[in-house]
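Novice: The structure under discussion is supplied below as structure tokens; questions concerning it will follow.
Residue numbers (our numbering): 27 to 243.
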């Protein structure tokens, strides 16, 4: 897996990737699940791996970081203040952020533990990390992994893992789980309309949100 190669793909195909979100029931379901979170998410907020800003803008996330430059121009057009950078070395001062969003990003980094630790250091004590993932142990994750194996341009450099692995990474990086939410409860073939989300972790869900509290003192 190579972050550089993955960023190059998203940079070269930024408009194509951005168009995927248009009138997409999968995106609508994921966004609704994030908007349904009950945990207070303090400002300032930053999304790491913000891409074209499709999540950041409606979620009220002011700042965005991504290694691919072209998507950042699209995010900027949506009102997000952007900076090119990587998760292992965030371009922010330690302890300056209230909330970090990490959505569909860990599967593209070479060292998820280092990225999560960097997020913890960038958050002030009691800050929140909102992590959104497609678990490998779900029909949705298995479908994306099949695309990866087939050389799909957007997924060929990804590494999908099961939810237990993601939760272990979160804990090892010093976060305490405060809330979770599941969406995409239907199989991929039946996702023709936006679907509901439910509180907690539901087996087989294609999108799981984990909200972790920074325990750094």
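In this text, a Cβ means the ideal position worked out from N, Cα and C, and glycines have one as well.
Owing to the predicted nature of the structure, the values given are computational and were not obtained by experimental measurement.
(1) DSSP state of residue 155, grouped into three classes?
(2) Could you give the DSSP three-state label for residue 198: helix, strand or coil?
(3) Below 6 Å CB to CB, which residues in the same chain sit around residue 35 once its five sequence neighbours on both sides are set aside?
(4) Taking the alpha carbon of residue 104 as the reference point, which residue from 84, 47, 143 has its own alpha carbon closest?
(5) State the Cα-Cα distance for the pair residue 77 and residue 154, rounded to the nearest angstrom.
(6) Taking C-alpha atoms, which residue in 160, 119, 145 lies nearest to residue 201?
(7) In chain order, what are the residue ranges of uninterrupted alpha helix (DSSP H) at least 4 long that sit wholly in the segment 128–181?
(8) For the alpha helix (DSSP H) that residue 48 lies in, which residues bound it at each end?
(9) Are there 16 or more other CB atoms within 10 angstroms of the CB of residue 135, so buried, or fewer, so exposed?
(10) For residue 111 and residue 118, I'd like the C-alpha separation in whole angstroms.
(11) What is the rounded straight-line gap between the Cα of residue 106 and the Cα of residue 207?
(12) Helix or strand or just coil, what does DSSP make of residue 191?
(13) Please tell me whether residue 187 and residue 235 are closer than 8 Å, where the distance is taken between their beta carbons.
(14) Roughly how many angstroms separate the alpha carbons of residue 194 and residue 163, rounded to a whole number?
(15) For my contact list, residue 131 and residue 74 are in at a C-beta cut-off of 8 Å; report their separation, rounded to the angstrom.
(16) Out of curiosity, what's the CA-to-CA distance linking residue 191 and residue 197?
(17) Quick one: does residue 131 have its CB under 8 Å from some CB of chain B?
Specialist: The answer reads as follows:
(1) In the structure shown, the three-state DSSP call for residue 155 is strand.
(2) DSSP places residue 198 in helix when its eight states are reduced to three.
(3) For residue 35, where only same-chain residues beyond five positions count, the Cβ hits under 6 Å are 179.
(4) Proximity to residue 104 across 84, 47, 143 peaks at 84, based on C-alpha coordinates.
(5) When the Cα atoms are used, residue 77 and residue 154 turn out to be separated by approximately 20 Å.
(6) The candidate whose alpha carbon is nearest that of residue 201 is 145.
(7) Runs found: 138–148, 165–175.
(8) It is not in any alpha helix (DSSP H) - residue 48 carries neither H nor E in the DSSP assignment.
(9) Classification of residue 135: buried, given that the 10 Å Cβ count is 16 or more.
(10) Straight-line Cα distance between these residues: approximately 10 Å.
(11) The alpha-carbon atoms of residue 106 and residue 207 are separated by roughly 25 Å.
(12) The answer is helix: DSSP assigns residue 191 an H, G or I state.
(13) With contacts defined by Cβ atoms closer than 8 Å, residue 187 and residue 235 do not form a contacting pair.
(14) Between residue 194 and residue 163, the C-alpha separation is close to 15 Å.
(15) Correct: roughly 6 Å between the Cβ atoms.
(16) Whole-angstrom Cα-Cα distance: 10 Å.
(17) Judged by its chain identifiers, the structure shown contains no chain B, having just a single protein chain.
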